[in-house]
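Colleague: Residue numbers (this note's numbering), protein chains in the order written: chain A, 1 to 324; chain B, 1001 to 1281. By construction, the Cβ of each residue, glycine as well, lies at the ideal position given by its N, Cα and C atoms. Note that the structure is predicted; figures quoted are calculated from it, not measured.
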Amino acid sequence: MASTYVTGSPITGSLEGSQVGDRLFKALLTAAALAVPILMGFLVYELWLGSRLAIERYGLGFVTGSIWDPVAEEFGALPLIVGTLVSSFLALLMAVPLSLGVAIFLTEFAPRALRQPIAFLIELLAAIPSVVYGLWGIFVLVPLLKAHVFPFLRDSFGFLPFFQGPIYGPSMLSASIILAIMIMPFIMSVSREVLLAVPASQREAALALGATRWEAVISAIVPYARSGIIGAVILGLGRALGETMAVTMLIGNRNEISASLFAPGYTMAAVIANEFTEAVGDLHLSALAYVALVLFLVTVIVNAGARLLIWRVSRGTPAGGMGA
Amino acid sequence: MNRRLIRRWVSNAMVGLMVVTVVVAVAPLLFILLNLLVKGAGSLSIEFFTRTPVPAGETGGGVAHAIVGTLIIVGMASLLGLPLGIGAGIYCAEYPGTRIAKAARFIADVLNGTPSIVVGVFAWALIVARTKQFSALAGSCALAMLMVPMVMRTTEELVKLVPHSLREAAVALGYARWRTSLGIVVRTALPGIVTGALLAVARVAGETAPLLFTALGSQFMSFKVTEPMAALPLTVFNYAIGPYEEWHRYAWATALVLILVVLVLSLAARLATRRKFTLNA
Chain A
1 MASTYVTGSP ITGSLEGSQV GDRLFKALLT AAALAVPILM GFLVYELWLG
51 SRLAIERYGL GFVTGSIWDP VAEEFGALPL IVGTLVSSFL ALLMAVPLSL
101 GVAIFLTEFA PRALRQPIAF LIELLAAIPS VVYGLWGIFV LVPLLKAHVF
151 PFLRDSFGFL PFFQGPIYGP SMLSASIILA IMIMPFIMSV SREVLLAVPA
201 SQREAALALG ATRWEAVISA IVPYARSGII GAVILGLGRA LGETMAVTML
251 IGNRNEISAS LFAPGYTMAA VIANEFTEAV GDLHLSALAY VALVLFLVTV
301 IVNAGARLLI WRVSRGTPAG GMGA
Chain B
1001 MNRRLIRRWV SNAMVGLMVV TVVVAVAPLL FILLNLLVKG AGSLSIEFFT
1051 RTPVPAGETG GGVAHAIVGT LIIVGMASLL GLPLGIGAGI YCAEYPGTRI
1101 AKAARFIADV LNGTPSIVVG VFAWALIVAR TKQFSALAGS CALAMLMVPM
1151 VMRTTEELVK LVPHSLREAA VALGYARWRT SLGIVVRTAL PGIVTGALLA
1201 VARVAGETAP LLFTALGSQF MSFKVTEPMA ALPLTVFNYA IGPYEEWHRY
1251 AWATALVLIL VVLVLSLAAR LATRRKFTLN A
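1) Could you compute how far the alpha carbon of Ala319(A) sits from the alpha carbon of Ala270(A)?
2) With Leu125(A) and Pro185(A) assumed to form a contact (beta carbons below 8 Å), what rounded beta-carbon distance in angstroms separates them?
3) Anything in chain A within Cβ reach of Thr1273(B), meaning under 7 Å, just list it in chain order.
4) What's the C-alpha gap between Ala110(A) and Leu98(A)?
5) Taking 7 Å as the cut-off, is the CB of Cys1141(B) close to at least one heavy atom of the ligand NAP?
6) For Ala1093(B), collect the residues of the same chain with a Cβ closer than 6 Å to its Cβ; drop the 5 residues on either side in sequence, then sort them by chain order.
7) Verify the CB distance criterion: does Asn303(A) have a CB-CB separation below 8 Å to chain B?
8) How do the region 81-93 of chain A and the region 242-257 of chain A stand: do at least 3 beta-carbon pairs fall below 8 Å, yes or no?
9) Give me whichever residues DSSP pairs with Phe75(A) in a beta bridge.
10) Pull up the distance between the alpha-carbon of Arg1270(B) and that of Val1026(B), whole angstroms please.
11) Answer yes or no: do Ile251(A) and Met172(A) have a C-beta to C-beta separation smaller than 8 Å?
12) Give me the Cα-Cα distance between Ile181(A) and Ile104(A), rounded to the nearest whole angstrom.
13) My understanding is that Gly1217(B) touches Thr1195(B), with C-beta atoms under 8 Å, so please give their C-beta distance in whole angstroms.
14) Just the chain B side, please: which residues come within less than 8 Å of Phe105(A) by C-beta, in chain order?
15) Leaving out the 5 sequence neighbours to the left and right, which residues in its chain are closer than 7 Å to Leu106(A) when beta-carbon positions are compared?
16) Once the 5 residues before and after Ser1116(B) are set aside, which same chain residues still bring their CB inside 7 Å of it?
17) Among Val1257(B), Ile1107(B), Thr1214(B), which has the Cα closest to the Cα of Gln1133(B)?
18) Among Ile187(A), Ser130(A), Phe276(A), which one has its Cα closest to the Cα of Leu237(A)?
19) What is the rounded straight-line gap between the Cα of Val1262(B) and the Cα of Leu261(A)?
20) So, at 6 Å on beta carbons, what are the nonlocal neighbours of Leu285(A) in its own chain, with the 5 sequence-adjacent residues on each side left out?
21) Which runs of the alpha helix (DSSP H) fall wholly inside the region 118-166 of chain A and span at least 4 residues, in chain order?
22) Identify the continuous alpha helix (DSSP H) that holds Tyr1239(B) and give its terminal residues.
23) Check whether the Cβ atoms of Ala1125(B) and Thr1254(B) sit closer than 8 Å, and answer yes or no.
24) Note down, in chain order, all residues in the region 1076-1087 of chain B with a beta-carbon under 9 Å from any beta-carbon belonging to chain A.
25) Going straight from the alpha carbon of Leu309(A) to that of Gly231(A), what length do you get?
26) Would you mind telling me which residues of chain B sit closer than 7 Å to Trp136(A), beta carbon to beta carbon, in chain order?
27) Does DSSP classify Met1221(B) as helix, strand or coil?
28) Residues in its own chain within less than 7 Å of Val233(A) by CB, not counting five upstream and five downstream?
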């Protein structure tokens, strides 16, 4: 009984000390965890504060106005929004088949010894900084496209409005191609993880029914992983929407909506990158902050959708497999 | 019989098509690295690493100012961002059901998807607009903000992987909760946490967009964090869009240096986890 109160005892000593330690530990961790939502709150607040002038002046009409003239202080973001959407969707159009092909090959067909090295190489692509893609784009990709690919497209598919008109180097199509290269590793690695999570029984059942390996993939494995793959694609879309440097360097930065993909365009991220440091008027700065706010909201919506879909897969909603 | 042949043929053709996609996907990587080596390596010299730029038109000079700038800006960002991210990650793993953990996790996912240029605008509004001065510190804050969600999520995942029996053993031996967490659980997950941290550092070291209107860039060697400072990605960008041949040569060389920094960090990150596996085995 009395021994419980012996203060010199190592056990009681550590317990008393530990209560203070525990509280301090928890308080520090809680502060760190709380900082995340607080920072986010700050971000939204600052963006709103910064764009208040433009919000009051234009309201929601900002996203439908098509004139962007800093000198006349007239700002509308429609061409920027269209440019962002068009370049991102074009990039998806190119990147999705490629990355799915690679992901399926790596999970289903590749020799075991090749799987890790190839996945590693492609994930290295994700490590290359955006500005290096831009540099490579300006000096290698664009000259190549201008000299060979674009003339070929115009000659072969010139009847489509997308491939008409004069050929500039920097253009919507150039930017989309660099974007496709940049988002491909993300889509590839997420869909690869999703495909790896498909239970082996799924494939075995298809094969046992006499399907060829490709039929097993397309009829049993991909449908099982469908919502996860869609999530991966949307995640890639989120990346493409906010990508700044490479696009700024390749898209030509002209504030027009054009049917031709050879024509220069502009995106929300690019206009911020180009004009923010040089903006002098309060309204100009405010309009740029408004663009940032719109871009932020678009990516939040896109990413939330993607997360939801991926969660559904990792919780095993579709078909409820027999376990891996 | 015939149909079976066709089906088998289709299957093989699709596999062939997938091999093509792999080749197309890997080609840009090799192409980019090759170009960087060919166009950048020729301009690398001792001078390139030790001197600051000379006026346009003259030859010589280097990017020492940008190397130092990147070290300072990314170093400060790590000091700000890593403890916060790791702390938040441990919290989410240790108290997973709490409302704060759920909120932090959700918001970290949102932040992870937030374009870096938007974070740049935020740092500008928060710091540059208030102090009326472009500064390296503002750039560091922007980069730190990008690091927090990345580090938080990897830390959480790795701490969660630590077997429960380890924690129970420590508690049974009379360890206090905080000592169990730090000394046993976090320590076991440490190599993975280091990997996550290094990957985050590698990613923000290559970021340009959040620095454009925070650290701004500079032509001079500077150690003052309250003033504009150069950084490798900014230097690549400014040289690349500049009008001079000489600048383009420097852009390639600087890009080569930048990519070496990023790749070394990424590889170091991988090695950190590999060591963990050999230790456990």
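Modeller: Well, looking at it:
1) The count along the first sequence starts at 1 and reaches residue 319(A) at position 319. The count along the first sequence starts at 1 and reaches residue 270(A) at position 270. Any answer about Ala319(A) is weak, because its pLDDT of 37 lies below 50 and its placement is not dependable; what the coordinates show is given next. Going by C-alpha positions, Ala319(A) is about 43 Å away from Ala270(A).
2) On the first sequence, position 125 is the one that residue 125(A) refers to. On the first sequence, position 185 is the one that residue 185(A) refers to. That belief holds up - the Cβ atoms of Leu125(A) and Pro185(A) are roughly 4 Å apart, short of 8 Å.
3) Within the second sequence, the letter at position 273 stands for residue 1273(B). Simply none; closest approach about 13 Å.
4) Within the first sequence, the letter at position 110 stands for residue 110(A). Within the first sequence, the letter at position 98 stands for residue 98(A). About 15 Å.
5) Absence of the ligand NAP is noted for the structure shown, with no ligands found whatsoever.
6) Your numbering for residue 1093(B) matches position 93 in the second sequence. Taken in chain order, the residues that qualify are Glu1156, Val1159, Lys1160.
7) As a working note, residue 303(A) is residue 303 in the first sequence. Closer than 8 Å to some Cβ of chain B, the Cβ of Asn303(A) qualifies, so yes.
8) Verdict: yes, contact present.
9) Residue 75(A) sits at position 75 when you count from the first residue of the first sequence. DSSP links Phe75(A) through a beta bridge to Trp68(A).
10) Within the second sequence, numbered from 1, the residue matching residue 1270(B) stands at position 270. Within the second sequence, numbered from 1, the residue matching residue 1026(B) stands at position 26. Going by C-alpha positions, Arg1270(B) is about 20 Å away from Val1026(B).
11) Within the first sequence, residue 251(A) is the residue found at index 251, counting from 1. Within the first sequence, residue 172(A) is the residue found at index 172, counting from 1. Taking 8 Å as the Cβ cut-off, Ile251(A) and Met172(A) qualify as a contacting pair.
12) The residue you call residue 181(A) lines up with position 181 of the first sequence. The residue you call residue 104(A) lines up with position 104 of the first sequence. Rounded to whole angstroms, Ile181(A) and Ile104(A) show a C-alpha spacing of 18 Å.
13) Residue numbering aside, residue 1217(B) sits at position 217 when the second sequence is read from its first letter. Residue numbering aside, residue 1195(B) sits at position 195 when the second sequence is read from its first letter. Taking 8 Å as the upper bound for CB-CB distance, Gly1217(B) and Thr1195(B) are not in contact here, some 31 Å apart.
14) One-based indexing of the first sequence puts residue 105(A) at position 105. The answer, in chain order, is Val1015, Met1018, Val1019, Thr1021, Val1022.
15) For the purposes of this step, residue 106(A) is taken as the residue at position 106 of the first sequence. Arg115, Ile118, Ala119, Arg192.
16) Here the question's residue 1116(B) lines up with position 116 in the second sequence. Excluding sequence positions up to five before and after Ser1116(B), its CB lies within less than 7 Å of the CB of Leu1146, Glu1207, Ala1209, Pro1210, all in the same chain and listed in chain order.
17) Reading the second sequence from its first residue, position 133 is the one you call residue 1133(B). Taking only the C-alpha atoms, the option nearest Gln1133(B) is Thr1214(B).
18) Translated into positions along the first sequence, residue 237(A) becomes position 237. For Leu237(A), the nearest C-alpha among the options comes from Ile187(A).
19) Within the second sequence, residue 1262(B) is the residue found at index 262, counting from 1. Within the first sequence, residue 261(A) is the residue found at index 261, counting from 1. The straight-line gap from Cα to Cα measures roughly 33 Å.
20) As a working note, residue 285(A) is residue 285 in the first sequence. So the list reads Ala279, once near-sequence residues are dropped.
21) For the region 118-166 of chain A, whole alpha helix (DSSP H) runs of length 4 or above, ordered along the chain, are 130-136, 150-157.
22) Here residue 1239(B) corresponds to residue number 239 of the second sequence, with the count starting at 1. Boundaries of the alpha helix (DSSP H) harbouring Tyr1239(B): 1232-1241, taken from the DSSP string.
23) By one-based count along the second sequence, residue 1125(B) stands at place 125. By one-based count along the second sequence, residue 1254(B) stands at place 254. Taking 8 Å as the Cβ cut-off, Ala1125(B) and Thr1254(B) do not qualify as a contacting pair.
24) Listed by position, the residues of the region 1076-1087 of chain B near chain A (Cβ gap below 9 Å) are Pro1083, Leu1084, Gly1085, Ile1086, Gly1087.
25) As a first step, residue 309(A) must be located in the first sequence, where it is residue number 309. As a first step, residue 231(A) must be located in the first sequence, where it is residue number 231. Going from the Cα of Leu309(A) to the Cα of Gly231(A) covers about 5 Å.
26) Residue mapping note: residue 136(A) aligns to position 136 of the first sequence, counting from 1. In chain order: Ile1032, Asn1035.
27) For this step, residue 1221(B) is matched to residue 221 along the second sequence. In the three-state reduction of the DSSP assignment, Met1221(B) falls in the coil class.
28) Here residue 233(A) refers to the residue found at position 233 when the first sequence is read from its first residue. Closer than 7 Å at the Cβ level, and outside the excluded window around Val233(A), lie Leu92, Val96, Ile187.
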